[in-house]
Each structure stands twice: as C-alpha cells, then as structure tokens.
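Here's the structure, in structure tokens; my notes come after.
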Amino acid sequence: MAVTASAKHEHWSSRTAFIFAAVGSAVGLGNIWKFPYEAGQGGGGAFVLIYLVFVFGIGVPVMIAELMVGRRGQLSPPNAMKKLAEESRQSKAWTSVGWLGVSGAFLVLSFYSVIAGWTLTYIVEILSGNLVGADAASSNATFNELLGNPWRMTIWHAAFMALTVFIVANGIKGGLERAVTLLMPLLFVLLVIIVIYSLWAGDAVAALKFLFEPDLSELTPEVAIQALGQAFFSLSLALGTIMAYGAYLSREISIPRSAVIIASADTGVALLAGLAIFPIVFQFGLEPGSGPGLIFVTLPIAFAQMPGGVVIGTAFFLLLAVAALTSSISLLEPIVSRLEEQKGFRRAPSAIGAGLAVFLVGILTVLSFNHMADVKFLAGTVFDNVDFLTNNIIMPLGGLLLAIFVGWYMTRSLVRDELWSISDRVFDIWHKGISLVAPFALIAIFFSVSGSEEAVLRIVEYAGWGVSGDRFERLLHATIVIAVLILPTLLAAQRHHPRLGLLFFVNIVAGWTPIGWLFCLVWAHRPDLLPQLKAAIAGDGAKDG
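In our numbering, each residue's number is its place in the sequence shown (first place is 1) plus 674.
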C-alpha cells in the first residue's frame, strides 16, 4: 500500500457544515421509510421510548468513538485504524475494521441507490397523474410494474448514482459542503410542511397518542432488541461514513457535543417522519405496521384521496430523494477517500471509478426483483443476501470491533487527548460505556439480527449447561456467555500480555468451564503466573532428585 503525502485531506470550513453533513449521513431512508413502520410494528410509543434511550445511551458513545478515530487518524477508515493501532502499539490487523466499514458502505450503496431510484420514479409518476384516483389494486400494479421493469430501474439507479458521484467528485468544500448546506435545509422545510399538512388533513390525535403515549405492556424484550438495532443503524454507524467525515474535522470542534447534536437532529427527523405519516395512516384506516410497502404502495393510495394530494405526494417523495442523496454521498466518501490515498489517484477519477463499480454491482439488486427473482441461496435473492450481510453482519460486527478497539486496545491518553472538551468524570463514564456497555449491547444486536446465537448455545449445551427454550432468554444467555468469555482476552490485550495468542486459545478451549475461565482471568492479570509455576515445579523436581 502506497499512501502519498497528499493523503492529508481537506477540512470542513465550519462546524455548521460538518453538522449538516453528519446529520445528512445519518438521516436517510432509514429515518423516513424504516422508522415509521418499525415503530408501527413495535407498538408505537413503547418503541419510541426505548429507541430514545438506546440512541443516546448506546448510539452516541459509539458515534463519539468513530468520530474520534477519524479525527485522530486524519485518513480514510482503513488507514486511520492502522495509524491508531500503531500509535497504541497494537496489531495492524485492526486495519480490517476500517476495511469492514468501507466494504459495507460499498455494498449498502449498491442497493441503496436502486431504492433511491424508486423515489425519483414516484416523483415522475405523481406529477404525470398516473397515481390520481389510485386504489389498492392500481397502486400495487404501479409498484409491481416498476419492479418488473429492469431497464426502468437501471436508468433511475444510474441517474441517482451519477448525481452522487458528481457531488463527491467536487471535493469536501466544493461538493459535499455545498450539497448538504442546500439539501439539509430543504429536507427540513419539506418535512415540516408535510407534517403540518398531515396533522391538518389526517387524524392528528390518534397519531400523537400512538407515538408519544407509551403503552408499557407493549414493551417486550423483542421490541427492545428491535429498537436497539434501529437506534444503531439509523445513526449510520460502522459503515466508515462517520469515521471518514471525522477525518475532515478540525481539532477546535468538540466531538461529544457534535455527536449529541447529530443524534438529536437524526432522532428529530425520525419523529417528524412519524408525524408526517401516521396521521394519514390513521385517517384512512391503514395499517401502521404494514412494512416497507407502507411508503410505495399504501401512502400513494392516501395521497390520491387527499385534497392537494399531488402536491403533497410530490413533496413527500422529493423529501425521500433528498434524504437518500445526503446519505449516499456519505456512503461513497469513505471509498473515494481510501482511493485518494493510493498513489496516483485523484478525487474525480476515484469518484467516477468507485461510482461505476457500485452501479454495476447494483444491477444485481435490480435483477433480484425480476429476471433473477428465482435465483435464491442462503438468505434469498442476491439483494436479500447483500442486505443481510451488511445490516446483520457487517454493521453490528464493525461497531462491536470498533467499541472493543477504542475501549480496550487504544491508548487511553490518546483517546483523552481527542475528547478534550469533556470533564474527567464525564470521560470516565463514556469510557466505561464504550468498553463495557456498548460491546454487550452490540453483541446482543449481532446475535439478534444474524441468528448466530444458536451456534453459541449449541456449544453451551454440549458443555453440559442447560439453556432456556424462550427466544429472548436464549439470546440473552448467548450474549452473556460471549461477553464473559472474551473478558480475559480483552484484559490480557489491554495489558500487552506476552502470551496473548496462547491465552486466547486456552480461553476459547477452557473458558466454557468456571475453573477454566477463572484460570484464564487470573493469567490475564498475572502474565508471570505460568513462568513462576513452571519454575516452582522445576525447583520441586530438583529437590526430589
């Protein structure tokens, strides 16, 4: 790998520009499309309440860690991780965390652009009058016709990617900053207009009650896990985007304060999206938990029946397109920033090359809805597998590894130097959260969305330990087992244990038994334990001789 001296990137011209860009990265289809139906399926207010707790209790600490790594490294995610691992005298293997984020961003953008293309299609559909007077049958037919037409989806996919590439190719100040300072105010204005109209034309009382009057009987463990996952994913964490944006952050800007502002704005948009959608849903007797079809099938029916529905429908899908664009440029940025650091690569060709590669891979998603719909393996179609890999494996695993690196492996003084704006007491609370609470929560997310807790429990059962048949209890059991099991290894790595590889192997083999785990824990605290024990045994043998 050759990194040129010019690898030092531009910086944001102001804190406002950075906040707009980071909020734009976090605010996307996940807030306006996914949050409402997740809240609908999770029981409304109960989901929102626990979601807010997890956004600020788990999401913000992880965002602070990601921004801190980006600013400290001043490079693309892979090179930033490599630089910080070297500064902390840790293995260069931690570079893989950065690559995990970059590869995740690439794959997410490949299908995100296709779905974003649907929003552009629907703007044209509404303006052309094709959805006027739409009922359930015609709305379904419109959406199915779109999915069954690969050429049409490919053209809109190409148009959206071209717009994304154009913005990113123009650099930080000429491209990203200029775009977000225009698009983010537009997004908020559109959203507020739609909320006001929706509350006026829809059932405002039912929507407000549904969103903000928690029914604690709905607060099940499954809803909690669902809210935890949505909180993590909605902040655009572990895809290299926040880390890449952090690399352009000047030292004068407070990372913790910025993270809170970003999370607050992102959450505000999600709640406003609920207020934009649910009054219409309840006014027309629609199902709030009807899933992704709520946006592209159900809502167009309501728009067709509303006074001024053409105008408000157009504004709504324009809002979706803007939200998608602010996220897509952040997904392309970590890929381009890494290419820029490669010797001889300039920004514009890097953006074009990366965008073309994303576009070509995205065609597989297009075909997954028509010509390749019957080609299924593992999680389903090609699209299903890419979606599962990124959302269920790469994102939670990347977040977990980042939290472990910052909390256990990165030199504490380096971390404290970057988080200069908070008191020692607040820093200690954050550090305990990122090193203990966040990993536990992220293990739970990883198990919940990937289903891999069953493999852990099979080993536990084989070792003779009983486990519950309840889904949530099994998930909790597996999470505790893994969190406890890796503790000796984390402690040993933190103290630069001279036999870390051997201790890790013993921990995996013997850690399933209480005695084995205690032995590894003591050995992690006392690296000299085995040499002293060996010397004692050798001494006794000499005396016996």
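In this text, a Cβ means the ideal position worked out from N, Cα and C, and glycines have one as well.
Residues sharing a beta bridge with G1054, DSSP: In the sequence shown, counting from the first residue as 1, residue 1054 sits at position 380. DSSP, once it has assigned bridges, lists F1051 as partnering G1054.
Relative to the C-alpha of A989, which candidate in I951, V782, P1008, L1150 has its C-alpha closest? Counting from 1 along the sequence shown, the entry for residue 989 is found at position 315. Among I951, V782, P1008, L1150, the Cα nearest to that of A989 is on I951.
Using only the alpha-carbon positions, how far apart do V1049 and E760 sit? Within the sequence shown, residue 1049 is the residue found at index 375, counting from 1. Within the sequence shown, residue 760 is the residue found at index 86, counting from 1. Between V1049 and E760, the C-alpha separation is close to 45 Å.
Tell me the DSSP bridge mates of Q748? In the sequence shown, counting from the first residue as 1, residue 748 sits at position 74. DSSP lists no partner for Q748.
Outcome for A1211 when other beta-carbon atoms lying within 10 angstroms are tallied against a minimum of 16: Indexing the sequence shown from 1 puts residue 1211 at position 537. Going by the sequence as given, residue 1211 is Ile instead of Ala. Label assigned to I1211: exposed.
Short Cβ contact (8 Å threshold) for A947 with N705: As a position in the sequence shown, residue 947 is number 273, starting the count at 1. As a position in the sequence shown, residue 705 is number 31, starting the count at 1. Contact: yes.
So F956 and A875 are supposed to be a Cβ contact under 8 Å. How far apart are they, rounded? If you number the sequence shown from 1, residue 956 lands on position 282. If you number the sequence shown from 1, residue 875 lands on position 201. F956 to A875, Cβ: 12 Å. No contact.
How should D1202 be labelled, buried or exposed, when 16 other C-beta atoms within 10 angstroms of its C-beta is the threshold for buried? Translated into positions along the sequence shown, residue 1202 becomes position 528. That one is exposed.
What are the start and end residues of each continuous alpha helix (DSSP H) run of 4 or more residues lying completely inside the stretch 765–828, in chain order? 769–801, 810–821
Could you confirm whether any beta carbon from chain D is found closer than 8 Å to the beta carbon of G1125? No chain D appears in this structure, which consists of one protein chain only.
Below 8 Å on the Cβ atoms is my guess for A853 versus I841; work out the distance and round it to an integer in Å. The count along the sequence shown starts at 1 and reaches residue 853 at position 179. The count along the sequence shown starts at 1 and reaches residue 841 at position 167. Sure, about 5 Å apart at Cβ, within 8 Å.
Which same chain residues, not among the five before or five after G778, have their C-beta less than 8 Å away from its C-beta? As a working note, residue 778 is residue 104 in the sequence shown. Excluding sequence neighbours, G778 sits near A912, L913, G914, T1064, I1068, M1069, G1072.
Closest residue to V776 among E1007, I1037, I954, L1195 (Cα-Cα distance): To locate residue 776, count along the sequence shown from 1; it is residue 102. Per the Cα distances, E1007.
Looking only at its own chain, which residues have a Cβ that is under 6 Å from the Cβ of N823, when we skip the five neighbours before and after it? Here residue 823 refers to the residue found at position 149 of the sequence shown. Here the set comprises nothing.
A790 and S1004 closer than 8 Å at C-beta: Locating residue 790 in the sequence shown gives position 116, counting from the first residue. Locating residue 1004 in the sequence shown gives position 330, counting from the first residue. Their beta carbons are not under 8 Å apart, which means A790 does not touch S1004 by this criterion.
Touching or not, the stretch 796–812 and the stretch 1037–1049, by the rule of three or more beta carbon pairs under 8 Å? no
When the Cα atoms are used, what is the spatial distance from V1183 to A1077? Looking up residue 1183 in the sequence shown gives position 509. Looking up residue 1077 in the sequence shown gives position 403. So the two alpha carbons sit approximately 25 Å from each other.
Is it true that the stretch 927–944 meets the stretch 750–767, where meeting means three or more beta-carbon pairs spaced less than 8 Å apart? no
Output needed for L1041: all residues of its chain with C-beta closer than 7 Å, excluding positions within five of it in sequence on either side, in chain order. Within the sequence shown, residue 1041 is the residue found at index 367, counting from 1. The answer, listed in chain order, is P824.
What separation, rounded to the nearest whole angstrom, lies between the Cα atoms of V722 and M1084? As a working mapping, residue 722 is identified with position 48 in the sequence shown. As a working mapping, residue 1084 is identified with position 410 in the sequence shown. Using only the alpha carbons, I get a separation of about 34 Å.
L890 versus G717 - alpha carbon distance: In the sequence shown, counting from the first residue as 1, residue 890 sits at position 216. In the sequence shown, counting from the first residue as 1, residue 717 sits at position 43. Their Cα atoms are separated by approximately 9 Å.
Since I believe V1035 is in contact with S687 (beta carbons under 8 Å), could you give me their beta-carbon distance rounded to a whole number of angstroms? Translated into positions along the sequence shown, residue 687 becomes position 13. Translated into positions along the sequence shown, residue 1035 becomes position 361. 33 Å between Cβ atoms; not a contact.
Rounded Cβ spacing between P751 and G733 (contact assumed at less than 8 Å): Stepping through the sequence shown from its first residue, residue 751 is reached at position 77. Stepping through the sequence shown from its first residue, residue 733 is reached at position 59. Rounded, the Cβ-Cβ distance is 18 Å, inconsistent with contact.
Can at least three beta-carbon pairs, one atom from the stretch 1083–1098 and one from the stretch 1120–1136, be found at a separation below 8 Å? no
Report yes if the C-beta distance between I1037 and T828 is below 8 Å; otherwise report no. Here residue 1037 refers to the residue found at position 363 of the sequence shown. Here residue 828 refers to the residue found at position 154 of the sequence shown. Yes, the Cβ-Cβ distance between I1037 and T828 is below 8 Å.
Option nearest V701 by Cα separation, candidates L1204, A939, H1105, L873: By 1-based counting over the sequence shown, the position of residue 701 is 27. Looking at the Cα atoms, A939 is the closest of the given residues.
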